[in-house]
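Report on the structure given below.
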Amino acid sequence: MVSPTLHVIGAGLAGLSAAVAAARDGWRVALHEAAPMAGGRCRSFRCHLLDRALDNGSHLLLGANRNALAFAAAVGGGETLAVLPPRFPFLDVKTHRLWEVRPGRLPAGVWQTIRALGLTGIPHGQSVANRLGKTSAFAHLWKPLCEAILNTPPEQASAQLLARVLRTVFLGGHAAARPHVAAAGLSALFSAPAEATLAAHGASLRYGRRLTAIGPHVLEFDNGPVPIRDGDRAVLAVPPWVASQLLPALPPLATSSIVNLHFRLDHTAILPGGMPFLALVESLAQWLFVREDVVSVTISAAGSLVDRPAAAIAQQVWQEIAPLLQGAPQHLPPFRVIKERRATLAHTPAILRRRPGPATHLEWLFLAGDWLSAPWPCTMEAAVASGLSAARLALGRDDMSFA
Ligand SMILES: Cc1cc2nc3c(=O)[nH]c(=O)nc-3n(C[C@H](O)[C@H](O)[C@H](O)COP(=O)(O)OP(=O)(O)OC[C@H]3O[C@@H](n4cnc5c(N)ncnc54)[C@H](O)[C@@H]3O)c2cc1C
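When we follow this note's numbering, the leftmost residue of the sequence shown carries the number 48, and every step to the right adds one.
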C-alpha cells in the first residue's frame, strides 16, 4: 500500500517550510510549483544586464524572526547570514544629517514613543497617521518605519500592527533587533538549501506545474489531475490573489507594491553610517543596501510609482543617492528596476480583520502564506510560521518545529 502524501502547492517560503517540516517528520511530500524555480517573492536570479546575481528585492531579517531563522538553520542556509549589530542608521538626504535607531533608544520624545508602541492601548481601526501624524518625529521616524515594516502608507496602515512589531523588535532586547542580511543572496539562504533538504528526504519537486482548480478529492493542475486519496493532505501555499480564485469563499485582499532598483558600480560601495544598509528620508529612495559593487534601493508603498517608466525612476533615484556614495559617477551607471506590484498585503485595519486562518471547507486542505492571520505583517517570518502551522495541522503533529 502506498503511504499517504502531503501535497504542497507553491514553493515560496511558506510552501517550502511546510514541505521541509513534513519531510523531516518522515512524510512523503510532493511539492508543486507553477514557476520554473522555488523562492516566490523571496528569490535570487542572474541579472544579465548587470552581470550579477541579484535578489528580487533587498530583504532584512531581524533576530526576533525566530521561525525564519530556525528554518534557515534547519536547512543549512543560516551559515550564509551576516549578523549585524542592532543599529539602524538614518540619513536626511536634504540636510545630510545622520542619526541612528537602536533598541531602547528611539529618537523621539517619551510620550510619542509610548503612543507609537501602543503601551497605553490603541483603538481598533486607528491608522498610523491618525495616531502619530502630528508628532514631531513623524516624518523622520514613524513614517519611514511604517512604510518599511508595513509596506503601506501611514494614512492607511494599522497603528496596532505597527505597534506590535515595534514592541517585539525594540523592546525585545539587543538580540531581537539584530539585523540579519542574506550575504550570499536569498536563494542561498532559503530555497536552494530547502530544495536540497527535500531531495535528501526523497520528496518530489515538480516545477512548471500550475494548480487550476480544487475538487472535493482532486487537485487539478494544468498538466493533469492529482487525486487526493484516503490519508493524503494538502497545503495550499499560494499568494492571496491566487488562493481566492481557487477557493472563492476566501475574501479578496488588497495588496501594496514595492519598487527595487539595483545599480552596479565599478568599485565596492560603502554607505554613510557604516552598515550595509541605510534608511533615507526626504527622498524618493527609502532604503539603500550594498553588496560589494551593487547598490540596491527599496521604495515601499510605491503606489502609482509602478506605472512610471523604469529609466525615469532610476534617473531620479540616482541623482538622490550618487552624492552619498564615495567615488560614484554622476552619470547613471548600469541599473535594473524590479517592480513587485503585489509585494505584500496592504496592512490596513479592514484588510487585517479579513485575513483568514489556515483551515478550509475541505478537511484535507490547509492554507499557508504570509497573508494569513498572524501577529506579523507579510514577512519571511509570517510565511515560514504559517507553513509550519499548516504542516502541524495537516499532519496532526503539534510538536513539529525547526529548532
Ligand atoms: C520586494 C520585496 C521586499 C521584501 N522585503 C522583505 C523584508 O525585508 N523582510 C521580510 O521579512 N519580508 C520581506 N518581503 C516579504 C516576503 O518576501 C514575503 O512575505 C514572503 O516571501 C512570502 O512567501 P509566501 O510563501 O507566503 O508567498 P510567495 O513567495 O508568493 O510564494 C507563493 C508561491 O506559489 C506559487 N504559485 C502561485 N500560484 C500558483 C499555482 N496556481 N500553482 C502552483 N504554484 C503557484 C508562486 O509561483 C510562488 O512561488 C518582501 C517582499 C518583496 C516582494
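Cβ atoms here follow ideal geometry from the backbone N, Cα and C, with glycine treated the same way.
At which residues does the alpha helix (DSSP H) containing Leu101 begin and terminate?
-> For Leu101, no alpha helix (DSSP H) encloses it; the enclosing beta strand (DSSP E) starts and ends at Arg99 to Asp102.
Along the chain, where does the alpha helix (DSSP H) that runs through Phe49 open and close?
-> One detail in the question is off: residue 49 reads as Val in this sequence, not Phe. Unbroken run through Val49: none, as it is neither H nor E.
Would you decide whether Thr315 is buried or exposed? Buried here means 16 or more other CB atoms lie within 10 Å of its CB.
-> Using a 10 angstroms sphere on the CB of Thr315, the tally of other CB atoms stays under 16, which defines it as exposed.
Does the pairing of the segment 246-263 with the segment 131-148 give three or more beta-carbon distances under 8 Å?
-> For the pair of segments examined, the segment 246-263 was found not to touch the segment 131-148: the number of CB pairs separated by less than 8 Å stays below three.
For Thr167, is the classification buried or exposed, using 16 other Cβ atoms within 10 angstroms of its Cβ as the cut-off for buried?
-> Thr167 comes out exposed.
With distances taken Cα to Cα, identify the nearest neighbour of Ala195 among Val384, Thr426 and Ala432.
-> Cα-wise, what sits closest to Ala195 is Thr426.
Nearest-angstrom beta carbon gap, Ala281 and Trp411 [assumed within contact, 8 Å] = Right, their Cβ atoms sit about 6 Å apart.
Do three or more CB pairs link the segment 117-125 to the segment 219-238 at distances below 8 Å?
-> At 8 Å Cβ cutoff, the stretches touch.
Candidates Gly434, Arg439 and Ser448, of which the one nearest Ser64 by Cα = Here the closest residue by C-alpha is Gly434.
Beta-carbon proximity of Phe310 to Val342, cut-off 8 Å | Yes, these two residues count as a Cβ contact at 8 Å.
Beta-carbon separation of Ala61 and Glu428 under 8 Å?
-> Not a contact, by the Cβ cut-off of 8 Å.
Assess, as a yes-or-no matter, whether the segment 360-373 is touched by the segment 316-329 under the definition of 3 or more beta carbon pairs within less than 8 Å.
-> Contact holds: three or more Cβ-Cβ distances are below 8 Å.
Any idea which residues DSSP pairs Lys386 with across the strands?
-> Answer is Val306.
Residue closest to Glu80, alpha-carbon to alpha-carbon, out of Val157, Glu147, Glu242 and Ala296 = Nearest neighbour of Glu80 by Cα position, chosen from Val157, Glu147, Glu242 and Ala296, turns out to be Glu242.
Residue closest to Val148, alpha-carbon to alpha-carbon, out of Lys181, Val175 and Leu327 = Ranking the options by Cα distance to Val148, first place goes to Leu327.
Does the beta carbon of Arg355 fall short of 7 Å from some heavy atom of ligand 1?
-> Not under cutoff, so the answer is no.
Assuming Leu208 and His394 form a contact by the criterion Cβ under 8 Å, report the distance between their Cβ atoms to the nearest whole angstrom.
-> The C-beta separation of Leu208 from His394 comes to about 6 Å, placing the pair in contact by the 8 Å criterion.
Does the count of Cβ pairs from the segment 81-91 and the segment 396-403 closer than 8 Å reach three?
-> Touching, no.
So, is Ala210 buried or exposed, given that buried needs 16 or more other C-beta atoms within 10 angstroms?
-> Ala210 should be labelled buried.
Compute every distance between the C-beta of Met322 and the non-hydrogen atoms of ligand 1, then say whether any falls below 7 Å.
-> No; taking the cut-off as 7 Å, the Cβ of Met322 has no heavy atom of ligand 1 nearer than that.
Which residues bound the beta strand (DSSP E) around Ser91?
-> Bounds of the beta strand (DSSP E) holding Ser91 are Ser91 to Cys94.
Which residue's Cα is closest to the Cα of Gly320: Asp139, Gly87 and Arg439?
-> Of the candidates Asp139, Gly87 and Arg439, the one whose C-alpha sits nearest the C-alpha of Gly320 is Asp139.
Whose CA, out of Ser105, Ala82 and Pro51, lies closest to the CA of Asn307?
-> Nearest C-alpha to Asn307: Ser105.
Within 10 angstroms of its Cβ, does Leu145 collect 16 or more other Cβ (buried), or is it exposed?
-> Its Cβ having fewer than 16 others within 10 Å, Leu145 is exposed.
Report all residues from its chain with a CB closer than 8 Å to the CB of Ala155; omit the five preceding and five following residues, and keep chain order.
-> Same-chain partners within the cutoff: Ala163, Thr182, Ser183, Ala184, Leu188 and Trp189.
To which residues does DSSP link Glu267 through a beta bridge?
-> According to DSSP, Glu267 bridges with Ala260 and Pro272.
Do Leu109 and Val216 come within 8 Å of each other at the CB atom, strictly closer than that value?
-> In contact: Val216 and Leu109 (Cβ atoms closer than 8 Å).
Check: Met447 C-beta below 7 Å from any heavy atom of ligand 1 | Every heavy atom of ligand 1 is 7 Å or more from the Cβ of Met447, so no.
Taking 7 Å as the cut-off, does the CB of Asp417 come closer than this to any heavy atom belonging to ligand 1?
-> Distance from the C-beta of Asp417 to the nearest heavy atom of ligand 1 is below 7 Å.
Can we count Leu60 as close to ligand 1, meaning its CB is less than 7 Å from some heavy atom?
-> Yes, the Cβ of Leu60 comes within 7 Å of a heavy atom of ligand 1.
Can you list, in chain order, the stretches of the beta strand (DSSP E) that have 3 or more residues and sit fully within the segment 186-248?
-> Within the segment 186-248, the complete beta strand (DSSP E) runs of at least 3 residues are 226-229.
If you measure from the CB of Ala326, is any heavy atom of ligand 1 nearer than 7 Å?
-> No, the beta carbon of Ala326 sits no closer than 7 Å to any heavy atom of ligand 1.
On the three-pair Cβ rule with 8 Å, is the segment 218-233 touching the segment 197-207?
-> In short, these stretches do not touch, since the Cβ pair count stays below three.
For Val76 versus Leu245, is the C-beta distance shorter than 8 Å?
-> Pairing Val76 with Leu245 gives a Cβ-Cβ distance under 8 Å.
Could you check how far apart the C-beta atoms of Ala68 and Ala438 are, in whole angstroms? I think they sit under 8 Å.
-> About 4 Å; that satisfies the 8 Å criterion.
When DSSP labels each residue in this structure, what does Glu428 get in the three-state scheme?
-> Under the three-state reduction of DSSP, Glu428 is assigned to helix.
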